[in-house]
Every structure is written in structure tokens, then in C-alpha cells.
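Data first, discussion second: the structure below is written as C-alpha cells.
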Amino acid sequence: MTLVQFPADRRMADIRRCSEALTNLHGEEANRFWRQEMAGFAARLKAQGVADVEISHQAALFMNAVQMELQAAFAEQEEAGARA
87 MTLVQFPADR RMADIRRCSE ALTNLHGEEA NRFWRQEMAG FAARLKAQGV ADVEISHQAA
147 LFMNAVQMEL QAAFAEQEEA GARA
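Structure representation (C-alpha cells):
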């Protein structure tokens with residue numbers, strides 16, 4: 087039986103959690119948080135027997151989704167500031 091992973095770019099709770107954390111962290115603290123998140127992400131998939139190439143693919147999807155969430159959050163902040 088083949089186990090199909092839930093696509094990382096659809097894990098909205100994790101994406102929003104990381105985006106919110108990164109919004110509040112800066113510099114080395116943000117880098118450390120992100121490295122720990124991605125290491126844990128890869129380790130969990132590896133423990134489930136996911137191939138390295140798929141782990142890399144899912145990590146790229148997740149990183150892109152978090153970046154898009156950050157961009158959306160910043161756009162909302164700018165829009166709210168323009169209205170104020």
C-alpha cells in the first residue's frame with residue numbers, strides 16, 4: 087500500500103502558524119525558527135518513509151506557501167494603514 091502525503095502547501099494551520107511567527111521574529115531569531123521548522127518538517131516526513139526527493143518537493147511547496155502567506159499579511163497591513 088502506498089501512503090500519499092497531504093500536500094504541504096495545503097496545511098493552512100501550519101502555514102499560518104509559521105507566517106505569524108515569522109512576522110514577529112527578526113534577524114537570527116527568525117532564521118533559527120525557520121531552520122528548526124524545516125528540520126522538523128523533513129524529519130517527520132523521513133520518519134514516515136518519504137523519499138528524499140519528495141521531502142525536497144514538499145519543503146519547497148511549504149516554503150512557497152509560507153512566503154505567499156507573509157506577502158498577503160503584509161499587503162493587508164499596508165492596505166489597513168492606507169485607510170487609517
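Under this note's numbering, the first residue of the sequence shown carries the number 87, and numbering increases by one thereafter. Cβ coordinates follow ideal geometry from the N, Cα and C atoms, glycine included.
Residue j beta carbon less than 7 Å from that of residue i
| i | j | result |
| --- | --- | --- |
| alanine 128 | phenylalanine 119 | no |
| glutamate 162 | isoleucine 101 | no |
| aspartate 95 | alanine 151 | yes |
Neighbour-count burial assignment, residue i, 16 or more Cβ in a 10 Å radius
| i | result |
| --- | --- |
| valine 139 | exposed |
| alanine 125 | exposed |
| phenylalanine 148 | buried |
| serine 105 | buried |
| glutamine 122 | exposed |
| glutamine 44 | One cannot answer for residue 44 here, as it falls past the ends of the chain, which runs 87 to 170. |
Same chain, Cβ closer than 6 Å to residue i, neighbours up to 5 away in sequence not counted
| i | result |
| --- | --- |
| arginine 103 | none |
| glycine 113 | none |
Close-in-space but distant-in-sequence residues of the same chain around residue i (CB under 8 Å, 5 per side omitted)
| i | result |
| --- | --- |
| asparagine 117 | none |
Close beta carbons around residue i, own chain, < 7 Å, minus the five adjacent residues each side
| i | result |
| --- | --- |
| leucine 56 | Beyond the ends of the chain as shown, which are 87 and 170, falls residue 56; an answer cannot be given. |
Worksheet item: Counting only runs that start and end within the segment 124–168, where is the beta strand (DSSP E) found for 3 or more residues in a row?
Response: none
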